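Residue numbers (the working numbering), protein chains in the order written: chain A, 1 to 329; chain B, 330 to 658.
There are 2 protein chains.
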Amino acid sequence: MKRVTIYDVAKDAGVSLATVSRVINGSDVVKGPTRDKVEAAIEKLGYKPNAIAQGLALQKTTTIGLVIPEASFTYTGQIINGVIAVAGMYNYNIMLHTTTEGVTDISDIIETIIKSHVDGVVIYNDKILVDEMDTLSKYNIPIVIIGNKMSGHNICSVYVDIEKAVYELSMKYLSNGKKDIAIIQDRKNEYAISQMIKGVTRAYKEKGMEFNNYLEIPESYRTSYNYLKDYLKDHKHDLIIANRDSQAMAVCNAAKENGIEIPKEMEVVCVIDTKYNSMVRPQISSFAIPSYDLGMVSMRVMTKMLQSDEIDEDEIELSYLFTPRQSTK
Amino acid sequence: MKRVTIYDVAKDAGVSLATVSRVINGSDVVKGPTRDKVEAAIEKLGYKPNAIAQGLALQKTTTIGLVIPEASFTYTGQIINGVIAVAGMYNYNIMLHTTTEGVTDISDIIETIIKSHVDGVVIYNDKILVDEMDTLSKYNIPIVIIGNKMSGHNICSVYVDIEKAVYELSMKYLSNGKKDIAIIQDRKNEYAISQMIKGVTRAYKEKGMEFNNYLEIPESYRTSYNYLKDYLKDHKHDLIIANRDSQAMAVCNAAKENGIEIPKEMEVVCVIDTKYNSMVRPQISSFAIPSYDLGMVSMRVMTKMLQSDEIDEDEIELSYLFTPRQSTK
DNA sequence: CTGAAAGCGCTAACAC
DNA sequence: GTGTTAGCGCTTTCAG
């Protein structure tokens with residue numbers, strides 16, 4: 001079946017294409033019988049306007065690009081859901097790109113994004129992409145960054161202050177005489193981890209001490225679990241802070257294996273909250289970082305940028321909430 | 330900055346647009362000095378071809394639509410990753426749509442897909458979407474279905490035979506004299522659950538018995554956990570089969586709460602495998618349903634459909650692997 | 001080997 | 001109110 005075009009509809013209805021264009025765009029100029037004829041023809045022929053042609057003519061595609069490091073983490077999924085939820089409300093489509101480390105060259109993604117003429121792009125990435133953002137800016141594409149506090153011409157951001165969260169948590173422990181805090185480090189969340197380290201470091205400094213408990217662990221759960229199982233044989237900390245749920249779980253499981261009781265002998269806190277934190281035993285205390293909201297809000301900011309040049313707030317901080325569970329006292 | 334077009338490049342290079350078009354499309358017809366001039370101009374002006382205009386001219390968009398029920402499950406994330414991985418290899422873009430129950434009208438999504446003139450669509454959905462697929466077919470859009478065995482003109486599918494998996498598992502238990510098998514039912518995975526039920530039912534029938542242990546539980550983890558905690562006070566089964574990891578965990582946690590030892594007094598099997606199955610204690614036995622592969626293969630089939638009309642296999646079955654862990658004997 | 005021109009489907013002035 | 005027409009940026013015959 002050859003795709004029916006606006007010409008076919010016009011001919012069938014016996015009007016010009018301008019008229020058809022008017023009715024499909026809801027212009028109330030077309031009236032009564034003409035409108036009816038057109039609508040009948042549209043219905044009869046099963047006509048659907050070609051968004052590509054519209055995009056060309058209007059110079060906008062009503063689609064926005066979404067860049068995410070990987071879709072398989074629970075929280076990235078939440079971000080996607082959040083973005084899509086409000087994108088749907090405003091009739092925007094989502095073009096999804098993932099920046100799988102080592103597999104996809106980020107500059108290729110940026111290139112594709114520019115070519116695809118999306119109206120804007122929402123980026124969540126653990127590394128900061130200065131060069132890439134410059135390129136995007138050069139082509140005048142509005143950007144919303146998730147996770148990093150930053151702004152500029154055509155750039156807004158939505159984030160949670162992880163540094164502060166970890167700082168406050170650390171201060172609480174240090175003030176209670178628990179001076180041995182460790183942070184799980186990995187490569188998958190460079191930026192988040194750096195924020196976490198800044199947070200503890202600041203707390204230690206304020207207490208006249210120095211922080212250096214970096215606990216660098218391998219990438220995947222299985223290897224990090226094995227690593228920790230070994231590590232915890234002759235190490236113990238008052239508090240271990242992890243970024244992702246799987247890392248916190250690795251700690252808990254490895255501790256158990258070594259007969260270390262959680263939270264009695266050692267406490268564990270996870271920064272990013274997912275439903276799994278409350279499914280495992282012990283349930284893991286975490287900051288309720290609102291991933292879904294991060295997605296929603298950033299897309300909402302995007303729509304605002306697309307409507308007007310005036311944004312009331314170009315750096316939006318979302319609040320976290322510490323949620324104590326069984327892995328802390 | 331006004332977006333530079335092919336005209337600008339042509340003018341700058343002192344050639345016609347046809348020539349520019351040829352070099353950006355890699356036609357080896359343009360030679361030596363001309364080619365160099367054009368390439369210099371492209372570089373100098375920062376020209377990027379407009380994919381929308383190309384789409385209009387070529388009648389294809391090199392983007393494919395991906396329809397998923399929700400992105401926040403670990404396994405749907407895997408599917409997305411798989412699809413994107415091979416899409417990237419073939420330079421296809423992904424337009425992501427989610428069919429959140431009650432929020433998004435599926436026919437709206439189909440409508441958007443048709444308008445957006447994607448070259449094809451990959452659908453994973455727990456409900457079978459006959460009407461929607463008919464519509465898509467009417468507009469001649471190639472479809473790959475993930476999860477359901479089906480095919481037709483311009484329709485292929487990639488799936489795992491869950492019915493068989495559950496049937497075999499059930500047979501093993503029934504043959505060992507464990508006759509009390511229950512299945513966790515919910516609304517989020519209608520199709521998968523129906524397959525599971527078919528599987529046990531067939532096994533029971535072959536053993537001359539009848540299956541009716543439907544264990545219908547509420548939607549979210551928290552409520553289903555509470556429900557099960559109560560339920561297991563005065564119920565116990567030889568084997569409980571769940572579809573998603575969170576449900577299996579709910580069972581395990583609720584059992585523990587009631588002093589039911591797993592796997593000694595009751596065994597638990599999860600159909601869909603995610604990394605969390607081996608992170609929780611007890612580790613949950615599961616079928617290793619290859620979500621990532623489902624995504625990869627379906628996108629690969631898509632590219633084949635797009636290249637030629639001849640597909641060697643229009644219903645591709647992927648194999649599962651039962652992976653025993655701590656929740657089974 | 002390169003250029004001219006028609007056409008992809010639609011929108012938005014501008015006429016009538 | 002409705003029709004005409006010139007683009008939107010690119011591809012692709014068809015000439016030369």
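The C-beta atom is built at its ideal place from N, Cα and C for all residues, glycine as well.
For clarity, every value in this text was computed on a predicted model and none was experimentally measured.
- Message: Assuming contact is defined by CB atoms lying nearer than 8 Å, are Leu-568 (chain B) and Ala-584 (chain B) in contact in what I supplied?
- Response: Position 239 of the second sequence holds residue 568 (chain B). Position 255 of the second sequence holds residue 584 (chain B). No.
- Is it buried or exposed for Val-344 (chain B), if we count other Cβ within 10 angstroms and need 16 for buried? Numbered from 1 along the second sequence, position 15 holds the residue referred to as residue 344 (chain B). Val-344 (chain B) should be labelled buried.
- Item | Beta-carbon proximity check, Gln-326 (chain A) vs Pro-282 (chain A), cutoff 8 Å | On the first sequence, position 326 is the one that residue 326 (chain A) refers to. On the first sequence, position 282 is the one that residue 282 (chain A) refers to. The answer is yes: Cβ separation under 8 Å.
- Message: Could you check whether the Cβ of Glu-399 (chain B) sits closer than 8 Å to any Cβ belonging to chain A?
- Response: The residue given as residue 399 (chain B) occupies position 70 in the second sequence. Closer than 8 Å: yes.
- Item | Under 8 Å by beta carbon: chain B residues contacting Lys-275 (chain A) | As a working mapping, residue 275 (chain A) is identified with position 275 in the first sequence. Under the 8 Å cutoff, chain B gives Tyr-550, Ser-575.
- Task: Determine, using beta carbons only, whether Asn-81 (chain A) and Glu-399 (chain B) come nearer to each other than 8 Å.
- Result: Taking the first sequence and counting its residues from 1, one reaches residue 81 (chain A) at position 81. Taking the second sequence and counting its residues from 1, one reaches residue 399 (chain B) at position 70. Result yes, Cβ atoms of Asn-81 (chain A) and Glu-399 (chain B) sit closer than 8 Å.
- Taking the alpha helix (DSSP H) that Val-338 (chain B) falls in, what are its first and last residues? Residue mapping note: residue 338 (chain B) aligns to position 9 of the second sequence, counting from 1. Residues 335-342.
- Task: Take Lys-236 (chain A) and list the residues in its own chain whose beta-carbon comes closer than 7 Å to its own, dropping the five residues that flank it on each side.
- Result: Sequence index remark: in the first sequence, residue 236 (chain A) carries index 236 (1-based). Result list for Lys-236 (chain A): Ile-260, Glu-265, Met-266, in chain order.
- Distance between beta carbons of Val-158 (chain A) and Val-301 (chain A), contact taken as under 8 Å: Along the first sequence, read from residue 1 onward, the residue named residue 301 (chain A) stands at position 301. Along the first sequence, read from residue 1 onward, the residue named residue 158 (chain A) stands at position 158. That pair is a contact at about 6 Å.
- Query: If you draw a straight line from the C-alpha of Glu-497 (chain B) to the C-alpha of Ala-532 (chain B), how long is it?
  - Reply: By 1-based counting over the second sequence, the position of residue 497 (chain B) is 168. By 1-based counting over the second sequence, the position of residue 532 (chain B) is 203. Their Cα atoms are separated by approximately 8 Å.
- Query: What did DSSP end up calling Leu-129 (chain A) once you bin it into helix, strand or coil?
  - Reply: As a position in the first sequence, residue 129 (chain A) is number 129, starting the count at 1. Coil, per DSSP.
- Message: Against Ile-143 (chain A), what residues of chain B qualify as contacts under a CB-to-CB distance less than 9 Å, listed in chain order?
- Response: Here residue 143 (chain A) refers to the residue found at position 143 of the first sequence. Neighbours of Ile-143 (chain A) on chain B: none; closest Cβ ~15 Å, over 9 Å.
- Query: Which of the residues in the region 47-70 of chain A, read from start to end, lie with their CB under 8 Å from any CB of chain B?
  - Reply: Lys-48, Pro-49, Asn-50, Ala-51, Ile-52, Ala-53, Gly-55, Leu-56, Thr-61, Thr-63, Leu-66, Glu-70
- Task: May I ask which residues mark the beginning and end of the beta strand (DSSP E) holding Thr-392 (chain B)?
- Result: Here residue 392 (chain B) corresponds to residue number 63 of the second sequence, with the count starting at 1. Element bounds for Thr-392 (chain B): 392-397.
- Item | Distance, Pro-471 (chain B) Cα to Lys-633 (chain B) Cα | Position 304 of the second sequence holds residue 633 (chain B). Position 142 of the second sequence holds residue 471 (chain B). For Lys-633 (chain B) and Pro-471 (chain B), the distance between alpha carbons rounds to 10 Å.
- Message: From the DSSP secondary-structure annotation, give me the bridge partner or partners of Ala-511 (chain B).
- Response: Looking up residue 511 (chain B) in the second sequence gives position 182. Answer is B:Ile-569, bridged to Ala-511 (chain B).
- Do Leu-623 (chain B) and Ile-408 (chain B) have their CB atoms nearer than 8 Å? Taking the first residue of the second sequence as position 1, residue 623 (chain B) is located at position 294. Taking the first residue of the second sequence as position 1, residue 408 (chain B) is located at position 79. Yes, Cβ-Cβ distance for Leu-623 (chain B) and Ile-408 (chain B) is below 8 Å.
- Item | Pick from A:Leu-136, A:Met-279, A:Ile-184 that is closest to Ser-224 (chain A), judged by C-alpha positions | Within the first sequence, the letter at position 224 stands for residue 224 (chain A). Checking every option, the nearest Cα to that of Ser-224 (chain A) belongs to A:Ile-184.
- Bridge partner(s) assigned by DSSP for Thr-485 (chain B): Mapped onto the second sequence, residue 485 (chain B) falls at position 156. With the sequence shown as reference, residue 485 (chain B) is identified as Cys, and Thr is not the correct amino acid for it. B:Val-473.
- Would you say Ile-114 (chain A) reaches chain B, if we count a Cβ-Cβ gap shorter than 8 Å as a contact? Numbered from its first residue, the first sequence carries residue 114 (chain A) at position 114. So, interface residue.
- Message: Against Arg-629 (chain B), what residues of chain A qualify as contacts under a CB-to-CB distance less than 7 Å, listed in chain order?
- Response: Position 300 of the second sequence, counted from the start, is the residue given in the question as residue 629 (chain B). Residues of chain A passing the Cβ test: none, with the nearest at roughly 16 Å.
- Item | Cβ of Arg-278 (chain B) within 8 Å of any chain A Cβ | The structure shown does not extend to residue 278 (chain B), since chain B spans only 330 to 658, so no value can be given for it.
- Can the beta-carbon of Ile-128 (chain A) be found less than 8 Å from the beta-carbon of Tyr-191 (chain A)? Stepping through the first sequence from its first residue, residue 128 (chain A) is reached at position 128. Stepping through the first sequence from its first residue, residue 191 (chain A) is reached at position 191. Cβ distance < 8 Å, so Ile-128 (chain A) and Tyr-191 (chain A) count as in contact.
- Task: Going by CA-CA distance only, name the one from B:Gln-383, B:Val-580, B:Lys-377 that's closest to Asn-555 (chain B).
- Result: Along the second sequence, read from residue 1 onward, the residue named residue 555 (chain B) stands at position 226. Nearest C-alpha to Asn-555 (chain B): B:Val-580.
- Give me the Cα-Cα distance between Asp-186 (chain A) and Val-450 (chain B), rounded to the nearest whole angstrom. As a position in the first sequence, residue 186 (chain A) is number 186, starting the count at 1. As a position in the second sequence, residue 450 (chain B) is number 121, starting the count at 1. Cα to Cα, the separation comes out at about 36 Å.
- Query: Within the chosen definition, does the region 82-91 of chain A reach the region 417-434 of chain B through at least 3 CB pairs nearer than 8 Å?
  - Reply: yes
- Query: Which residue's Cα is closest to the Cα of Ala-242 (chain A): A:Tyr-214, A:Asp-234, A:Lys-229?
  - Reply: As a first step, residue 242 (chain A) must be located in the first sequence, where it is residue number 242. It is A:Tyr-214 whose Cα lies nearest to the Cα of Ala-242 (chain A).
- Item | Interface residues of chain A facing His-446 (chain B) [CB-CB closer than 7 Å] | Numbered from its first residue, the second sequence carries residue 446 (chain B) at position 117. Neighbours of His-446 (chain B) on chain A, chain order: Asn-50, Ala-51, Ile-52.
- Item | Separation of Gln-576 (chain B) from Tyr-336 (chain B), as counted between CA atoms | Position 7 of the second sequence, counting from 1, holds the residue named residue 336 (chain B). Position 247 of the second sequence, counting from 1, holds the residue named residue 576 (chain B). Straight-line Cα distance between these residues: approximately 59 Å.
- Message: Just verifying my parser: in three-state terms, what is the DSSP assignment at Met-525 (chain B)?
- Response: Sequence index remark: in the second sequence, residue 525 (chain B) carries index 196 (1-based). Helix, per DSSP.
- Query: Out of curiosity, what's the CA-to-CA distance linking Ile-345 (chain A) and Pro-592 (chain B)?
  - Reply: Chain A is shown from 1 up to 329; residue 345 (chain A) falls before or after that span and cannot be answered.
- Of all the CB atoms in chain B, is at least one closer than 8 Å to the CB of Ile-110 (chain A)? Here the question's residue 110 (chain A) lines up with position 110 in the first sequence. By this cut-off, Ile-110 (chain A) is not an interface position.
- Item | Length-filtered (3 minimum) beta strand (DSSP E) runs lying within the region 27-58 of chain A | none
- Query: Met-595 (chain B) by DSSP, collapsed to three states: which one?
  - Reply: Sequence index remark: in the second sequence, residue 595 (chain B) carries index 266 (1-based). Here Met-595 (chain B) sits in coil by DSSP.
- Task: Identify every run of the beta strand (DSSP E) within the region 394-458 of chain B, keeping only runs that are complete inside it and at least 3 residues long; order them along the chain.
- Result: 422-427, 449-453
- Query: To the nearest angstrom, how far is it from the Cα of Val-349 (chain B) to the Cα of Val-338 (chain B)?
  - Reply: What you label residue 349 (chain B) is simply residue 20 of the second sequence in a count that begins at 1. What you label residue 338 (chain B) is simply residue 9 of the second sequence in a count that begins at 1. So the two alpha carbons sit approximately 7 Å from each other.
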